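Trainee: Residue numbers (UniProt numbering), protein chains in the order written: chain A, 1 to 356; chain B, 1 to 356.
Every residue gets a Cβ at the ideal spot worked out from N, C-alpha and C, and that includes glycine.
Keep in mind that this is a model prediction, so the values were computed, not measured.
Below are the structure tokens for one structure; questions will follow.
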């Protein structure tokens, strides 16, 4: 590759490109000390300070001491942006989520962030609303800021990752070509159906989440198969995940299926809305109607009766995805790993007691 | 200021500092086209491409056309990191929040992000847990990444902002020296007390949020004053905001004050926990016990009976804070503006009807 010859103080360098902060510049400058300040404080050249910082090249012992003193005095820290450009690296991670106002995702985001904070990285969050356009914008912004890796819990359409030379880990989403971290959706859906059947429901409404979400589909299909094998009556009702839709879906449910005696909700938001509507209509819970949610978000313990639900380890999922992404970053490739975390049934107050 | 003399292709430049991407570098490189690729594609120097990009300095018309063609062909976009270093500017905003798993803050974060996305900025979120140390770490990381502004909804202790030459806007927090955006806490606290009194509560428990949060203090004091003026009996109970503490606080409340017939909760999380505990103890709501929350987070509509609460316009607060920060960024100073958004009472199912 062709290189530019650069002469600084008579020294020759060869560079792929250069960025000049030209004289007469009047923009806003941080009060943070720059490498220049350190150089003048120590009465040496920037190149010398740089040699001391990078521990490369010869530096006279007294000069080194002077530079280190100046660094301490000015509390100098190398500018991340400069480092970023120099190393083609930043300390940034990109996280795409569908909507942070959905209580499931903050826990996930928190897990990702806590892990990377320990590792000295910082997380940039983007809400995609599962809009492909928004998602593409974020991915572009992320690579423009030299993020070192991306975690996406957004749309399952991953064509936008093509040609992007940044490690990507899918979280709560699944695609054959990418590493991913999920809870065991099949086991969750199956378990929910088994519990309702075991505990006496005979007319079950199975609520189906967004069709384009493979995770929602997997647990739905597993529950569906389980119900299909049973002798119980059952019906399927489609619903969105947002709490805005949850309440009207709940009304619709009891209008269409007044005799339902067991409900497998698409997630806890939906389950809470269904619970509210059931109570408003005077249903006896759990004797007349059992409800099982999915996720185990905080509110599932705050409602009365408390929601029985399938626990997804959201925080751990975020942690695991972060750990996996770091692994990919170190090996500079998308490992073909698929991590599946196990789910658990939270036996609370919207299901009858064992053998009930 | 002393400058470094740099010679490139025999041309002399004077620079405050230089970043060299040295030969033999083997790190990871984006597939995105660089200014070098554009230069070689157009068969001109990087300096020429840069002159075309910045519209500065003379460029021969045909050369300009060639460069623009190369830019189109390679779909070249100036690297944000390079731009950031060159202009001492990034397209990043820092947002510090106490805990994104508290349902009040995602709405706020969403408002901030939606506004800045429109403006072409991206938001870096940090959870401080109201730990001063974590907050300081984030502020450092933010300035290391040349964020152009910071919005903080974290601790009220703002000594850490001292000497930081970045515009800062406080959100849902108040400090005399900083621009801030808040809901009208006093009006909210006063209104909550007035409604309980008007609607017949005579033994009111006032729940007091974290003492170090000026917003929580303001609404608490306003409600306290209102109760103090009335003939009703009342007592004060301290509580944290997190849902982890909410449930035990609720138990404590009914153990200590079994005869309470009106509760002003510290926020909706706490109100939901109190509601749950009241129902579990067979209280009649609202006839035997009225409850008013604060915030109007999504779940307040999902519980049964639905929470009557003081609505804080969280999303709008985020939007307003973002707008105010952008103003500060343009004027390169912390404007002494304090924006107070008005609150509203959401008359739902945990308070009696008017005149009741």
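Can you give the Cα-Cα distance for residue 310 of chain B and residue 274 of chain A, rounded to whole angstroms?
Mentor: Residue mapping note: residue 310 of chain B aligns to position 310 of the second chain, counting from 1. Residue mapping note: residue 274 of chain A aligns to position 274 of the first chain, counting from 1. Rounded to whole angstroms, residue 310 of chain B to residue 274 of chain A spans 24 Å at the Cα level.
Trainee: Smallest Cα separation from residue 351 of chain B: which of B:35, B:305, B:147?
Mentor: Locating residue 351 of chain B in the second chain gives position 351, counting from the first residue. Considering only alpha carbons, the answer is B:305.
Trainee: Based on the DSSP secondary-structure assignment, which residues constitute the bridge partners of residue 308 of chain B?
Mentor: For this step, residue 308 of chain B is matched to residue 308 along the second chain. Note: residue 308 of chain B sits in a beta bridge opposite B:292.
Trainee: Quick one: any contact between the region 106-123 of chain A and the region 318-330 of chain A, if contact means 3 or more CB pairs under 8 Å?
Mentor: Result yes; three or more Cβ-Cβ pairs closer than 8 Å.
Trainee: Ignoring anything shorter than 3 residues or poking outside the region 221-259 of chain A, list the beta strand (DSSP E) runs there in chain order.
Mentor: The region 221-259 of chain A contains these whole beta strand (DSSP E) runs: 233-238.
Trainee: In the DSSP output, what is residue 181 of chain B paired with across the bridge?
Mentor: Looking up residue 181 of chain B in the second chain gives position 181. Answer is B:171, B:339, bridged to residue 181 of chain B.
Trainee: For the ligand SAH, any of its heavy atoms closer than 8 Å to the Cβ of residue 278 of chain A?
Mentor: Inclusion of the ligand SAH in the displayed structure is not the case, the ligand content being empty and no account of it being possible.
Trainee: Counting beta carbon pairs with one atom in the region 170-189 of chain A and one in the region 281-288 of chain A, are three or more of them shorter than 8 Å?
Mentor: Segments in contact, no.
Trainee: Check this for me: beta carbons of residue 215 of chain B and residue 237 of chain B, under 9 Å apart or not?
Mentor: The residue labelled residue 215 of chain B in the question sits at position 215 within the second chain. The residue labelled residue 237 of chain B in the question sits at position 237 within the second chain. No; because the gap between Cβ atoms is not below 9 Å, this pair is not in contact.
Trainee: Give a yes or no on contact between the region 101-115 of chain B and the region 128-137 of chain B, applying the rule of three or more CB pairs nearer than 8 Å.
Mentor: Flag = no, the region 101-115 of chain B and the region 128-137 of chain B do not touch.
Trainee: Does any residue of chain A have a CB that is nearer than 9 Å to the CB of residue 91 of chain B?
Mentor: Taking the second chain and counting its residues from 1, the one referred to as residue 91 of chain B is at position 91. Yes, its Cβ sits closer than 9 Å to a Cβ of chain A.
Trainee: Apply the 10 Å Cβ neighbour rule to residue 256 of chain A and answer buried if 16 or more other Cβ atoms are within range, or exposed otherwise.
Mentor: By one-based count along the first chain, residue 256 of chain A stands at place 256. Looking at its Cβ environment, which holds fewer than 16 other Cβ atoms inside 10 Å, residue 256 of chain A is exposed.
Trainee: Does any CB atom of chain A fall closer than 9 Å to the CB of residue 207 of chain B?
Mentor: Here residue 207 of chain B is taken as the residue at index 207 of the second chain, counted from 1. Cβ-Cβ to chain A under 9 Å: no for residue 207 of chain B.
Trainee: Use the C-beta contact count for residue 72 of chain B: other C-beta atoms within 10 angstroms, 16 or more gives buried, fewer gives exposed.
Mentor: Position 72 of the second chain, counting from 1, holds the residue named residue 72 of chain B. Exposed.
Trainee: Name the residue from B:303, B:288, B:271 whose alpha carbon lies nearest to the alpha carbon of residue 294 of chain B.
Mentor: As a first step, residue 294 of chain B must be located in the second chain, where it is residue number 294. Among B:303, B:288, B:271, the Cα nearest to that of residue 294 of chain B is on B:271.
Trainee: Looking at chain A, which residues of the region 290-309 of chain B have a Cβ within less than 8 Å of any of its Cβ atoms?
Mentor: Cβ contacts with chain A: 298, 299, 301, 302, 303, 304, 306.
Trainee: Got a sec? Which residues, its chain only, sit under 7 Å from residue 59 of chain B by beta carbon, not counting five neighbours each side?
Mentor: Position 59 of the second chain, counting from 1, holds the residue named residue 59 of chain B. Cβ within range, chain order: 48, 51, 52.
Trainee: Name, going along the chain, the residues of the region 257-290 of chain B whose beta-carbon falls closer than 9 Å to a beta-carbon of chain A.
Mentor: Per Cβ criterion, the list reads 269, 272, 273, 275, 276, 277, 278, 279, 280.
Trainee: Any idea which residues DSSP pairs residue 344 of chain B with across the strands?
Mentor: Indexing the second chain from 1 puts residue 344 of chain B at position 344. DSSP lists B:311 as partners of residue 344 of chain B.
Trainee: At what residues does the beta strand (DSSP E) containing residue 302 of chain B begin and finish?
Mentor: Reading the second chain from its first residue, position 302 is the one you call residue 302 of chain B. It is not in any beta strand (DSSP E) - residue 302 of chain B carries neither H nor E in the DSSP assignment.
Trainee: Can you tell me whether DSSP reads residue 275 of chain B as helix, strand or coil?
Mentor: Residue mapping note: residue 275 of chain B aligns to position 275 of the second chain, counting from 1. Note: residue 275 of chain B maps to helix in three-state DSSP.
Trainee: Taking the CB atoms as reference points, tell me whether residue 291 of chain A and residue 302 of chain A lie closer together than 9 Å.
Mentor: For the purposes of this step, residue 291 of chain A is taken as residue 291 along the first chain, with counting starting at 1. For the purposes of this step, residue 302 of chain A is taken as residue 302 along the first chain, with counting starting at 1. No, the Cβ-Cβ distance between residue 291 of chain A and residue 302 of chain A is not below 9 Å.
Trainee: Is residue 208 of chain A helix, strand or coil by DSSP?
Mentor: Counting from 1 along the first chain, the entry for residue 208 of chain A is found at position 208. In the structure shown, residue 208 of chain A sits in a strand (DSSP, three-state: E or B).
Trainee: Is the beta carbon of residue 95 of chain A closer than 9 Å to that of residue 151 of chain A?
Mentor: By one-based count along the first chain, residue 151 of chain A stands at place 151. By one-based count along the first chain, residue 95 of chain A stands at place 95. The answer is yes: Cβ separation under 9 Å.
Trainee: Answer with buried or exposed for residue 168 of chain B, where buried requires no fewer than 16 other C-beta atoms within 10 angstroms of its C-beta.
Mentor: In the second chain, counting from the first residue as 1, residue 168 of chain B sits at position 168. Classification of residue 168 of chain B: buried, given that the 10 Å Cβ count is 16 or more.
Trainee: Decide if residue 199 of chain B is buried, meaning its Cβ has at least 16 other Cβ atoms within 10 Å, or exposed.
Mentor: The residue given as residue 199 of chain B occupies position 199 in the second chain. The residue in question, residue 199 of chain B, is buried, as its Cβ has 16 or more Cβ neighbours within 10 Å.
Trainee: Residues of the region 93-108 of chain A in Cβ contact with chain B at a cutoff of 7 Å, in chain order, please.
Mentor: Those residues of the region 93-108 of chain A that come within reach of chain B (Cβ to Cβ, closer than 7 Å) are 100, 101, 103, 106, 107.
Trainee: Where residue 333 of chain B and residue 143 of chain B are concerned, what is the direct C-alpha to C-alpha distance, given to the nearest angstrom?
Mentor: Numbered from its first residue, the second chain carries residue 333 of chain B at position 333. Numbered from its first residue, the second chain carries residue 143 of chain B at position 143. Cα-Cα distance, rounded: 16 Å.
Trainee: Tell me, which residues are paired with residue 152 of chain B by DSSP?
Mentor: The residue you call residue 152 of chain B lines up with position 152 of the second chain. For residue 152 of chain B, which the question treats as bridged, DSSP gives the partners B:96, B:170.
Trainee: Verify whether the separation of the beta carbon atoms of residue 357 of chain B and residue 147 of chain B is less than 9 Å.
Mentor: In the structure displayed, chain B extends from 1 to 356; residue 357 of chain B sits before or after that span and is not available.
Trainee: If you draw a straight line from the alpha carbon of residue 194 of chain A to that of residue 315 of chain A, how long is it in whole angstroms?
Mentor: Numbered from 1 along the first chain, position 194 holds the residue referred to as residue 194 of chain A. Numbered from 1 along the first chain, position 315 holds the residue referred to as residue 315 of chain A. The straight-line gap from Cα to Cα measures roughly 26 Å.
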